[in-house]
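Working notes, beginning with the structure itself.
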Amino acid sequence: RRHVWGPIPGDSAAASTTSNSSAPRRKRKSRWGDRDDAAPNEEKALMLMPDSIVLSNGIKVVLPPVLTGRSPTGDPEVLSLHQTLLDVTRKLAGPLELPPEGERSPSPPPIYDTMGIRQNTREVRLKEKLTRERGRLIEQLLMRDPTYKAPTDYRPEKKSKKLIIPQKEHPGYNFIGLIIGPRGATQQRMQAETNTKIAIRGRGSVKEGLTRDAKTAEDDELHVMITGDRQEDVDAAAAMVSRLLEPLDEEMNEHKRLQLRELARINGTLKESEFCHVCGDPGHPGHLCPRQQQDIYRLPAQLAVAAEEQYARDVARMNPGDAGGLGGEQAFGAFMAELGGADPRD
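Going by the working numbering, the first residue of the sequence shown is number 103, and it counts up by one from there.
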């Protein structure tokens, strides 16, 4: 007789029965269990579904490759990207699962806003990491899967590039003025041409006394931060800014001369170049022309004398009371004598 709590001490028959019962038994087959001889195969375990279904109202719905288990390109890596994207999206939708205490990485220095609230908590950093991973997976699927459509809430990750301003090597050089330009005109022109955003960040980029902002990165070196949607645009803007970060002499800096001219035009103090009436070249007035004594036209001697006499008669006519000049009657008689005729009034 078997005891409900085990074999009875000293009972050899029960001990032999227990030893026989401890032998491994063959597991009973069940239609709901896995077969022992089934080899692990992810492709076989993946449930295949039709590519599309038709609803009761007649609308045809195309199922994504994550549900159908089929890749339109036939690439298993694309299907793996779909599955990974589904897992990351599920993690972002639900409560974040933080790693155990012993597996966590060292926390960075805390960053606080103006209200004293920490901005880089562990939950925030984990969510940002998953968001970047989701964006990276979506970008790869857009390039490798022609049938994939990005989610409506997807925003491409901003591409950025950081250029250090050599302010320590050239302390007296005005790099910031060359990049920003007169009233921000140079900065706005480069942003419009490259479709990027160019900003100066770091130590010295904000005037003293203003409110500190985490975006200005005042603890870093003075640098130029370029951000854009495409890497090609960021590289083009970086090439334009890099040329301005190379110090030049004042005489050779054509960019600075054009900036000063534009600033004068904005302020309304621009003086356009005056052309010389002698030689036609800009840069000097006519009375200071070096070619004035060489190329100026001079009248012959006879014409010069006649011009002086005519000038004297004009002065006399304008000033009749002047004793040194001729009267009107005398001037008319002299004029008729020059023509070889007589006064018709005589």
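Positions of the beta carbon are idealized from the N, C-alpha and C atoms, including for glycine.
Tell whether a beta-carbon distance below 8 Å holds between M292 and I300. Stepping through the sequence shown from its first residue, residue 292 is reached at position 190. Stepping through the sequence shown from its first residue, residue 300 is reached at position 198. In contact: M292 and I300 (Cβ atoms closer than 8 Å).
What's the call for M420, buried or exposed, on a 16-neighbour Cβ count within 10 Å? By 1-based counting over the sequence shown, the position of residue 420 is 318. M420 is exposed by the Cβ-count criterion.
Skipping 5 residues on each side, what residues in its chain have a beta carbon closer than 7 Å to that of Q289? The residue you call residue 289 lines up with position 187 of the sequence shown. If we look at Q289 and ignore the five residues flanking it on each side, its Cβ neighbours are I281, I282, G283 and I300.
Specify whether the segment 248-264 and the segment 325-334 touch according to this definition: at least 3 beta carbon pairs, one from each stretch, less than 8 Å apart. yes
Identity of the residue in S307, P273, R285 and V336 nearest E295 by Cα: Numbered from its first residue, the sequence shown carries residue 295 at position 193. Checking every option, the nearest Cα to that of E295 belongs to V336.
So, helix, strand or coil for I282, using DSSP? Locating residue 282 in the sequence shown gives position 180, counting from the first residue. Correct three-state label for I282: helix.
Are L232 and K193 touching if we call contact CB-CB under 8 Å? Start at 1 with the first residue of the sequence shown, and residue 232 comes out as number 130. Start at 1 with the first residue of the sequence shown, and residue 193 comes out as number 91. Yes; because the gap between Cβ atoms is below 8 Å, this pair is in contact.
Do Y214 and I240 have their CB atoms nearer than 8 Å? Along the sequence shown, one-based indexing puts residue 214 at 112. Along the sequence shown, one-based indexing puts residue 240 at 138. Contact flag unset, no.
With 16 as the cutoff for other CB atoms within 10 Å, does F437 come out buried or exposed? As a first step, residue 437 must be located in the sequence shown, where it is residue number 335. Label assigned to F437: exposed.
Beta-carbon contacts of L365 that lie in its chain and below 6 Å, excluding the five residues immediately before and after: Walking along the sequence shown from the start, residue 365 turns up at place 263. If we look at L365 and ignore the five residues flanking it on each side, its Cβ neighbours are P284.
Is the Cβ-Cβ distance between M260 and D331 less than 8 Å? Against the sequence shown, residue 260 aligns to sequence position 158. Against the sequence shown, residue 331 aligns to sequence position 229. Reading off the sequence, residue 260 comes out as Lys, not Met. Contact: yes.
Quick one: grab the DSSP three-state call for A406. For this step, residue 406 is matched to residue 304 along the sequence shown. The answer is helix: DSSP assigns A406 an H, G or I state.
Can you pull the DSSP bridge partners for S262? Along the sequence shown, one-based indexing puts residue 262 at 160. Answer by DSSP bridge pairing, in chain order: T329.
Within 10 angstroms of its Cβ, does R236 collect 16 or more other Cβ (buried), or is it exposed? Counting from 1 along the sequence shown, the entry for residue 236 is found at position 134. So R236 ends up on the buried side.
Among residues of its own chain, excluding the 5 on either side of A287, which ones have a beta-carbon nearer than 7 Å to its beta-carbon? Walking along the sequence shown from the start, residue 287 turns up at place 185. Counting only Cβ-Cβ distances below 7 Å, and skipping sequence neighbours, we find E364.
Which residue from F277, T254 and L183 puts its Cα closest to that of R246? Residue numbering aside, residue 246 sits at position 144 when the sequence shown is read from its first letter. Comparing Cα-Cα distances from R246 to each of F277, T254 and L183, the minimum goes to L183.
Using CA atoms only, rank isn't needed, just tell me which of L390, N276 and H272 is closest to Q361. On the sequence shown, residue 361 is found 259 positions in, with the first residue counted as 1. Measuring from the Cα of Q361, the nearest candidate turns out to be N276.
Nearest CA to the CA of T191: which residue from R234, P178, C391 and V164? Reading the sequence shown from its first residue, position 89 is the one you call residue 191. Considering only alpha carbons, the answer is R234.
Does the separation of the CB atoms of L198 and E230 fall below 8 Å? In the sequence shown, the residue the question calls residue 198 occupies position 96. In the sequence shown, the residue the question calls residue 230 occupies position 128. In this structure, E230 does not lie closer than 8 Å to L198 by Cβ.
Here's the rule: buried if 16 or more other CB atoms are within 10 angstroms of the residue's CB, otherwise exposed. What is Y413? Translated into the one-based positions of the sequence shown, residue 413 becomes position 311. Its Cβ having fewer than 16 others within 10 Å, Y413 is exposed.
Helix or strand or just coil, what does DSSP make of I155? Against the sequence shown, residue 155 aligns to sequence position 53. Of the three classes helix, strand and coil, the one that applies to I155 here is strand, per DSSP.
Under a three-way DSSP split, which group does A252 fall into? The residue you call residue 252 lines up with position 150 of the sequence shown. Coil, per DSSP.
What residue range does the beta strand (DSSP E) around V163 cover? As a working mapping, residue 163 is identified with position 61 in the sequence shown. Element bounds for V163: K162 to V164.
Can you list, in chain order, the residues of its chain with a C-beta nearer than 8 Å to that of L200? Leave out the 5 residues immediately preceding and following it. As a working note, residue 200 is residue 98 in the sequence shown. Answer for L200: R206, R224, E225 and L228, listed in chain order.
Indicate the three-state DSSP secondary structure (helix, strand or coil) for R345 in the structure shown. Your numbering for residue 345 matches position 243 in the sequence shown. Helix, per DSSP.
How far does the beta strand (DSSP E) with K299 in it extend, from its first residue to its last? Looking up residue 299 in the sequence shown gives position 197. Taken as a continuous stretch (DSSP letters only), the beta strand (DSSP E) holding K299 covers T298 to R303.
For G279, does the count of other Cβ atoms within 10 angstroms reach 16, so buried, or fall short, so exposed? As a first step, residue 279 must be located in the sequence shown, where it is residue number 177. Looking at its Cβ environment, which holds fewer than 16 other Cβ atoms inside 10 Å, G279 is exposed.
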